[in-house]
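Novice:
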Amino acid sequence: MLIFYVGQYLKNKTLSEILDIKKLNEINKPIEAANGLPNECYTNQDYLKYERDNVFCHKWAVVGVGSSIQNVGDTKPYNLLGIPLILIRDKDMKIRVFHNVCSHRGFKLLNEACNLKNVIRCPYHYWSYDFKGNLVATPHIGGLNIHQSEKFDKTKNNLKEVKTKIWMDIIFVNINSNEIEFEEYIKPLEERWSKFISKDDQKLIVHSNDYGYFNLEVKSNWKFAIENYCESYHLPTIHPELNKVSNINDHYHIQGLPNRFAGQGSKKYEQPVKGNKKFKTFPNWNKDMLKNSEYIALFPNVMIGLHIDHFYVFWLEPTAINKTREHMQIYYIGNYSANGEELKDLRKENSRFWKDVMLEDVSAIEGMQNGRNSPVYNGGNFSPVMDQPTHQFHKWVANSLLDSN
Ligand code: FES
Ligand SMILES: [Fe+2]
Numbered sequence: 511m512l513i514f515y516v517g518q519y520l521k522n523k524t525l526s527e528i529l530d531i532k533k534l535n536e537i538n539k540p541i542e543a544a545n546g547l548p549n550e551c552y553t554n555q556d557y558l559k560y561e562r563d564n565v566f567c568h569k570w571a572v573v574g575v576g577s578s579i580q581n582v583g584d585t586k587p588y589n590l591l592g593i594p595l596i597l598i599r600d601k602d603m604k605i606r607v608f609h610n611v612c613s614h615r616g617f618k619l620l621n622e623a624c625n626l627k628n629v630i631r632c633p634y635h636y637w638s639y640d641f642k643g644n645l646v647a648t649p650h651i652g653g654l655n656i657h658q659s660e661k662f663d664k665t666k667n668n669l670k671e672v673k674t675k676i677w678m679d680i681i682f683v684n685i686n687s688n689e690i691e692f693e694e695y696i697k698p699l700e701e702r703w704s705k706f707i708s709k710d711d712q713k714l715i716v717h718s719n720d721y722g723y724f725n726l727e728v729k730s731n732w733k734f735a736i737e738n739y740c741e742s743y744h745l746p747t748i749h750p751e752l753n754k755v756s757n758i759n760d761h762y763h764i765q766g767l768p769n770r771f772a773g774q775g776s777k778k779y780e781q782p783v784k785g786n787k788k789f790k791t792f793p794n795w796n797k798d799m800l801k802n803s804e805y806i807a808l809f810p811n812v813m814i815g816l817h818i819d820h821f822y823v824f825w826l827e828p829t830a831i832n833k834t835r836e837h838m839q840i841y842y843i844g845n846y847s848a849n850g851e852e853l854k855d856l857r858k859e860n861s862r863f864w865k866d867v868m869l870e871d872v873s874a875i876e877g878m879q880n881g882r883n884s885p886v887y888n889g890g891n892f893s894p895v896m897d898q899p900t901h902q903f904h905k906w907v908a909n910s911l912l913d914s915n
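Now the structure itself:
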């Protein structure tokens, strides 16, 4: 009997054992009749594992940015809800992602960010891999001082590489290699943004080394950050200062089809200025839309902000069902704006501005997390006018789950 129960416990649960599938189908109703995702999607451990394997691993998910591994040999471990990965920049400056596990006895290869000279060396028996993941050394594999074995084929034991694509410095991975090609995946957004930036303009962004990064630890499921980012409805209540310069009516909804992204745009963006100093701007920005800025969540886990004079990547590292680390990376157009001494104060202010806004949002998303412990909550309702992009994200999650079922 005990064995039976232990077996039940260890087995991965199916979606229908975790939540009521009917509730997922109902999210696809018209917005005025739809309820949102059920509580289990925010509170249940079995759900978290299911979501990792069937959403994060199936999709193009974000695990970092290229500028955090700028030099050849720069290496970082990343933990995707328990799946250990390695991010590395190889000798051709290409970013690669590998599963962080030695092919020999399964030792976890890397625990800290570092710069490696030539190889990723396993601390256990010193098997070593080059930066392309090839197994290049197997010391004493055939006995003392015998480093080869004809019974062992090195070429079949390289590191396992993850399908990876870099777009605007963002590192996307598709762990299960089953998503559509990234170029096709990102095309609807690139077409939308072609009125602001060309493909060549994408290459102009430079990460700021001084005020280009901060992170926030949030006691909330990652999805609440996306849901909140998709709507401008909360501007008057959560961001009263921002609301004075850019209110709900200055915003518009963004809903990508096919459903891969959603968010909001503003028509009242004002470039930061100090004295007569301003950041450089994108060269091909539509002249009739100089004050437009767009805030888009690219599902599942990255929120991006495009302005005429800067770009940011606010990406989410889920760390538990109710915990998320938010990483903010800020970019400017060209190195003068990103790293020049003259604009340092302006960068500091801009970073502070975004940090204050994102801190205000923390109270919103933690409040939703706390509410989800209520057994009577039914997924809630959407404003038929103000919550359309948020509803779009719920549909994306629900349909991703239904497709995997
Ligand atoms: S486990 Fe890595 S070398 Fe043995
Ligand atoms: Fe907000």
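Take any residue in the sequence shown, note its place counting from 1, add 510, and you have its number in the working numbering. Just so it is clear, CB atoms sit at the ideal spot from N, CA and C, and this is done for glycine as well.
(1) By the DSSP assignment, the beta strand (DSSP E) with Ser-940 in it spans what residues?
(2) Quick check: what's the CA-CA separation for Tyr-846 versus Pro-594?
(3) From Lys-777 to Glu-700, what distance separates their C-alpha atoms?
(4) Does the stretch 596 to 613 come into contact with the stretch 663 to 671, if we say contact requires no fewer than three beta-carbon pairs (one atom in each stretch) closer than 8 Å?
(5) Between the stretch 729 to 746 and the stretch 821 to 841, do three or more beta carbon pairs fall short of 8 Å?
(6) Take the Cβ of Gln-902 as the centre, count every other Cβ of all protein chains shown within 10 Å, and call the residue buried at 16 or more, exposed below.
(7) Relative to the C-alpha of Thr-747, which candidate in Glu-870, Ile-630, Asn-522 has its C-alpha closest?
(8) Using 10 angstroms around the beta-carbon of His-650, count the other beta-carbons present and answer buried if the total reaches 16, otherwise exposed.
(9) According to the Cβ coordinates, are Thr-585 and Leu-626 closer than 8 Å?
(10) From the DSSP output, read off the bridge partner residues of Pro-587.
(11) Touch check for the stretch 675 to 684 and the stretch 570 to 587: three-plus C-beta pairs under 8 Å?
(12) One question on the structure: do Gln-555 and Ile-831 come within less than 8 Å of each other, judged by their Cβ atoms?
(13) Where does Asp-819 land, buried or exposed, given buried means 16+ other C-beta within 10 angstroms?
(14) Under 7 Å: does the beta carbon of Arg-615 sit that close to some heavy atom of ligand 1?
(15) Is DSSP giving Arg-631 helix, strand or coil here?
(16) Any chance the CB of His-635 is under 7 Å from a heavy atom of ligand 1?
(17) In the DSSP assignment, what residue or residues form a beta bridge with Ala-830?
(18) Which stretch, first to last residue, makes up the alpha helix (DSSP H) that contains Phe-903?
(19) What residue from Glu-827, Lys-787, Lys-905, Cys-551 has the CA that sits closest to Arg-770's CA?
(20) Could you tell me the alpha carbon to alpha carbon distance between Gly-517 and Met-813, rounded to whole angstroms?
(21) Buried or exposed: Cys-624, going by 16 or more other Cβ atoms within 10 Å of its Cβ?
(22) Do you know how far the Cα of Asn-909 is from the Cα of Lys-539?
(23) By the 10 Å Cβ neighbour count, where 16 or more other Cβ atoms means buried, how is Ile-690 classified, buried or exposed?
(24) Return the chain-ordered list of same chain residues with a C-beta closer than 6 Å to the C-beta of Cys-632, the five sequence neighbours on each side being excluded.
Specialist: Reading it off the structure:
(1) This structure cannot settle anything about residue 940, because the visible part of the chain is limited to 511 through 915.
(2) Approximately 37 Å between the Cα atoms of the pair.
(3) 20 Å
(4) yes
(5) yes
(6) Its Cβ being crowded by 16 or more others within 10 Å, Gln-902 is buried.
(7) Glu-870
(8) exposed
(9) yes
(10) Ile-596
(11) yes
(12) yes
(13) buried
(14) yes
(15) strand
(16) yes
(17) Lys-833
(18) 898 to 914
(19) Closest option to Arg-770, Cα to Cα, is Lys-905.
(20) Model confidence at Gly-517 stands at a pLDDT of 49, short of 50, so the residue's coordinates are unreliable; what they give is reported in the following sentence. Taking the straight line from one Cα to the other gives about 40 Å.
(21) exposed
(22) Those two C-alpha atoms are separated by around 12 Å.
(23) By the neighbour-count rule (16 or more Cβ atoms within 10 Å), Ile-690 is not buried but exposed.
(24) Cys-612, Phe-617, Leu-619
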